[in-house]
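Protein chains in written order, with our numbering: chain A, 48 to 402; chain B, 48 to 402; chain C, -3 to 219; chain D, -3 to 219; chain E, 9 to 275. We treat Cβ as the ideally placed atom computed from N, Cα and C, and that holds for glycine. A quick write-up on the structure given underneath.
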Ligand SMILES: Nc1ncnc2c1ncn2[C@@H]1O[C@H](COP(=O)(O)OP(=O)(O)OP(=O)(O)O)[C@@H](O)[C@H]1O
Ligand SMILES: Nc1ncnc2c1ncn2[C@@H]1O[C@H](COP(=O)(O)OP(=O)(O)OP(=O)(O)O)[C@@H](O)[C@H]1O
Ligand SMILES: [Mg+2]
Ligand SMILES: [Mg+2]
């Protein structure tokens, strides 16, 4: 077995309905390691769904080779392809539940035709329904469920065959935070305990941060950036990635909101509104805390979105600094190599944001 | 005109298909002020969608009265009801776009049959498509769009009649952060400039925080808590609200993640891992910053999710404190009235979380 | 040629006329039955339980009426409605007179097909239209008929082909047509070549309808 | 009573027999044509472009074959397939012999209806099944036929009612039945009461089929 | 085995035979009466009557042996059938009756009164059509081509001085559309069922003579059964006095009894 459970080589997908020609995926090369949790992120229409549909050949690529688990899927006979597909569970953006089957029936479906006793099938499906918190709904039909409930059924269904790879196309988009957290924890557990490789499309950075090891950023059908999550977050290279990281951390919205309530003109002479950016501050010592003591400045945090990725602090903070501002700022600038960047928020910045 | 543009009185909705009886909405009383942005939040299946469908009588309530714009809808003749419905734009969870019409055709649809020239119709629809960033897709058919693109079309369609009320049922669930931010900014602008009242269902706390003035929390078909957003966030009363606020801020996940990389046993004797909770710290002075200077402790922020709601700092922070811990903690405890609470994260807390 | 289709060659003009008669009967009764069937089908959909104009009594009556009309064998229908035919067309025999029974023979069937086709229109879209304050009439024309168009065309193909089959029975009242030639000349006189050629022409008509319909479906579908 | 339906009273046993004959013809040809039509309809769906076993040549052949069979007027069908009838049933006349032409007369129609019904099964669900490694056969039985069941029942109702109509023509080969009574006795002899009563019985059958079908649809629908 | 069966069959049939008679319309009624009659029992015949409403199918079924004897067709129809189906030939057993075809009208009371350009409805079934045309020629309304045969059609009209227009209809609909045309040719079976009495209600009708002999109805069977005694008995049975009395009463004498040897047709 190759160490890459999924290998996409030179994949392009072109839709050609009538006159319009859409290059949904262009020249994508992607290797996903066995046991990885690989996030794919990108704006709407970037080609994420199309790309993952190529992984189990639901979407035949226009060009390129798809290798899963060492098998080049395009060369397989239909029966072998079906067998290969069973190793790849898929959770769809639009649920795709069968209306004619109960919740339990939907989860059991992938097991039909396999040599498992009816009792075992039911037990297995029920266990998964319990996992997603829908055990009480086993005998309900999908149309009676709310959107979130439907998605959880779809997740249970994708897991019931113990797939080696699990593809999730915005599986948590329709879920509330609690259910999302529960599902992500579940995915993480499956990954850790059973070694299931997970490919996860999402538009929620939080989801990527929470559980992904690697991430690829897509734009216009291409992967424009990829790597370990921490690296991509801390040192985004492509403009879109930066954009993504910034927008997702809500810094801009926060600055706008803060400058609406706290007028910059009302700040005292020894006060400044400063945006901090932490990218990969590796020490266990707090830089800001140290400096604030050193320069006797007061740091009042108005907004913070700081998190740890692979043991590194990453995130943003907006604070009002009161005291020896000049010295403080100079000291912070000197510590840039420790991953702290600052930016003064003045009228100009505020004006730039509102455009 | 009443100051409440929407008044739901004693609304209950019971589904009664066959033997099963589902009380989707129970005894809900809800007044929404003209010009408000009212958020409705709750876990999946809480009855949010059902409740908002009652507002324009898409769902006839089993009991109760629905008054919109001073008109009790249940007493209206069909034609009058239709007229009243035009004042309430709706964005659906599942888009509900017409497959037979182009993107432009879909947005134009609500204007058909109104006394507007074809040219004005098109111009108006195109302007809205530009607003949602889909002007290039005017002549595309919906099935060619990605999920996010579809939702943006639905939003444009709901806005095209200049409704007084806009109901959005998880309109941004399928959108990436950038598009979400753009849409929310758009809703906010409509609200501010045109005075459109907005009812917004979401499961993303961030959305509520960003633009809502009031919020209602639903559980099992009932509204269990409601009020101004800041109040509900800073002083949640119902357990579910607390749960919601906590889960949505990702504190738990953060503690779990942090305690996986930083072993508590490896901390030095003068170090402690502490979770801070800020609720409504009104001063412009940073309590933590002050105290850290006072007690010469070093505060290394590992996680922070702090934001301002109505000028008050609200949120969570996890930090390693190094130095005179005892004095620092005692001082913080004395400042509880200023809205700072701390909790030591020890082995016991970690164990409790992983259950 | 003469050896293969000896009788057909002598009947060229009859074949041309019969083809025209079949086309005439099919086209006109399709148009009239199309309108009636579409109307009845739409009424069935909107009045049925949970329909946009749900009305139990109307639905029951229309539903039963449809079945009633569908139960009458064509040859009896010819007789039963001959007073109506006489009133409408002035005569009960001939190609034009056949339109009346043909219409009555096919439109209830078409109504059922229309009903089945429109049932597949996404309820969510209907609901969206309702939320936008669309009137029932607007929903019928702008949602049901527009969204259901590909399916409507499909059932129309099925119906027109059934109608071509039905015209072969209209010979009973002197309507002529290809079916009449095939049956009363080819079949009854054992002139197999006549039957064969008549059948081939019918077949061509059927194929034209199917191919045109398929093309239309493709044109109006966007999925 | 005697004044209202003078002729009917003398024909009680004939009516009973005719009803049984109609039931027999309808039931058996429905079962056989049901299987054939379902098979052909499914084949049409799976072999068509973008189908799960998309195969242009097969689809073209099946599609054309369906139209071909649908183009043949029933009375000619009777004659054309009489060798087959003779081979299968041993005779070309009588109620049992009528099953063969009835089956051939209705199953291509049913196939078309099945095709239209199955086209409405959500492609997303079919795709989900494919992603789970379901074989084409599994997708046919566990997805298409199961998800499409309400629609399949609806088109089956339409078809059975059409079939009842078709049995009224089977008198041509001595199959008897209610249609034969209505036409060759009631209609031909101007014994209107006979026609009326035969029609009423047919109507009852039609209604029973419709009501039973509607009930079934309700039972198997979950939306 | 074959021989044993054959002999036992012959023996049995000598005493008692079961015969399936295929028929339609009034013939069906007549044969149902005959089946129940005393005469049939006396002759040792058990007759089963089957209604088959399509002539072609009935002849085919007779040739195949699904029906033993059929009673519905005229001599001319029989001849046509045999000419076109040389592999499945039928044989005539004997004559039964002649039903005069009539020309009926609700608008005029005599042939002379038929106006110029009048519409005449005529059967679309070829044997009835040719018979009708011959009748019209006899009435002096049209002139047919010299070689007009059993399957002659409208094309064979040589002269049409009154510019008559023809509408071909299913022959069973004749009585129903009588009001919609100037005149209609109706065979007697159909006329009877429509309560029309050919001798009383028609403005012109066939008479029984050499020129109409081809219209005489016959009993027919598969060619190989031509000499089967029990089948031949049916001819005798049909002409029994009691049965004739019944037919005369029931059909008001419109079914003219014809009891001629088959050689009569070849004269
Ligand atoms: N069947 C199709 N035919 C033509 N174009 C298509 C088809 N499917 C997708 N596209 C186009 O391909 C592009 C990529 O679509 P895709 O669904 O992969 O986007 P996505 O990244 O998943 O977006 P989202 O986050 O909104 O789901 C879009 O521009 C879309 O319009
Ligand atoms: N038509 C229906 N028939 C029966 N039960 C229904 C129906 N629609 C909704 N329900 C039930 O009512 C409850 C509330 O559903 P609703 O769709 O309002 O939830 P929701 O809060 O919008 O959830 P989500 O966030 O997942 O969309 C659920 O338990 C659901 O199963
Ligand atoms: Mg997508
Ligand atoms: Mg909902």
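Helix, strand or coil, according to DSSP, for residue i in the structure here?
| i | result |
| --- | --- |
| residue 315 of chain A | coil |
| residue 176 of chain D | helix |
| residue 220 of chain D | Nothing can be reported for residue 220 of chain D, as the shown portion of chain D is limited to -3 through 219. |
| residue 229 of chain B | helix |
| residue 90 of chain D | coil |
| residue 33 of chain C | helix |
| residue 349 of chain A | strand |
| residue 374 of chain B | helix |
| residue 181 of chain E | helix |
| residue 209 of chain E | helix |
Using a Cβ-Cβ cut-off of 7 Å (strictly less than) and excluding sequence neighbours within five positions of residue i, which residues of its own chain qualify?
| i | result |
| --- | --- |
| residue 275 of chain D | Outside the displayed range of chain D (-3 to 219) lies residue 275 of chain D, so it cannot be described from this structure. |
| residue 216 of chain A | 96, 99, 138, 139, 140, 248 |
| residue 78 of chain C | 88 |
| residue 154 of chain B | 172, 175, 176, 200, 203, 204, 207 |
Residue i CB to nearest chain B CB: under 8 Å?
| i | result |
| --- | --- |
| residue 386 of chain A | no |
| residue 129 of chain C | yes |
Got a sec? Which residues, its chain only, sit under 8 Å from residue i by beta carbon, not counting five neighbours each side?
| i | result |
| --- | --- |
| residue 9 of chain E | Unreliable placement is indicated for residue 9 of chain E, whose pLDDT of 38 sits below 50; the coordinate value is still reported in the next sentence. The answer is none, since no qualifying residue turns up. |
| residue 115 of chain C | 41 |
| residue 146 of chain A | 188, 189, 190 |
| residue 330 of chain B | Confidence at residue 330 of chain B is low in this model, with a pLDDT of 48, below 50, so its placement is unreliable and no value can be given for it. |
Quick check: is the beta carbon of residue i nearer than 8 Å to any beta carbon in chain C?
| i | result |
| --- | --- |
| residue 222 of chain E | no |
| residue 175 of chain E | yes |
| residue 67 of chain D | yes |
| residue 63 of chain B | no |
| residue 160 of chain B | yes |
| residue 129 of chain B | yes |
| residue 184 of chain E | yes |
Check the Cβ-Cβ distances between residue i and every residue of chain E, and say whether any is below 8 Å.
| i | result |
| --- | --- |
| residue 180 of chain D | yes |
| residue 62 of chain C | no |
| residue 20 of chain C | no |
| residue 120 of chain C | no |
Who are the near neighbours of residue i in its chain, counting only those whose CB is closer than 6 Å to its CB and skipping five residues on each side?
| i | result |
| --- | --- |
| residue 37 of chain C | 107, 110, 111 |
Using 8 Å as the limit for Cβ to Cβ distance, is residue i near chain D?
| i | result |
| --- | --- |
| residue 3 of chain C | no |
Check whether the stretch 177 to 191 of chain E and the stretch 68 to 86 of chain E are in contact - that is, three or more C-beta pairs closer than 8 Å.
no
Would you call the stretch 385 to 401 of chain B and the stretch 314 to 324 of chain B touching, i.e. three or more CB-CB distances under 8 Å? yes
Would you call the stretch 193 to 210 of chain D and the stretch 88 to 107 of chain C in contact, with 3 or more CB pairs under 8 Å? no
**Q.** alpha helix (DSSP H) runs contained entirely in the stretch 164 to 204 of chain A, provided each spans 4 or more residues
**A.** 165 to 178
My parser needs the alpha helix (DSSP H) runs of 4 or more residues fully inside the stretch 258 to 346 of chain B; what are they? 276 to 281, 286 to 296, 298 to 308, 334 to 341
Any alpha helix (DSSP H) of 4 or more consecutive residues that is wholly inside the stretch 48 to 132 of chain B:
95 to 102
Q.
At 4 residues or longer, what runs of the alpha helix (DSSP H) sit wholly inside the stretch 50 to 118 of chain C?
A. 52 to 67, 70 to 76, 78 to 85, 91 to 114
Practice problem: Identify every run of the beta strand (DSSP E) within the stretch 75 to 116 of chain E, keeping only runs that are complete inside it and at least 3 residues long; order them along the chain. | Solution: 77 to 82, 98 to 103, 110 to 112
Notebook entry, point to check: Would you call the stretch 259 to 273 of chain B and the stretch 294 to 308 of chain B touching, i.e. three or more CB-CB distances under 8 Å?
Noted result: no
| said: If contact is defined by three or more beta carbon pairs under 8 Å, each pair taking one atom from either stretch, is the stretch 277 to 289 of chain B in contact with the stretch 367 to 379 of chain B? | reply: no
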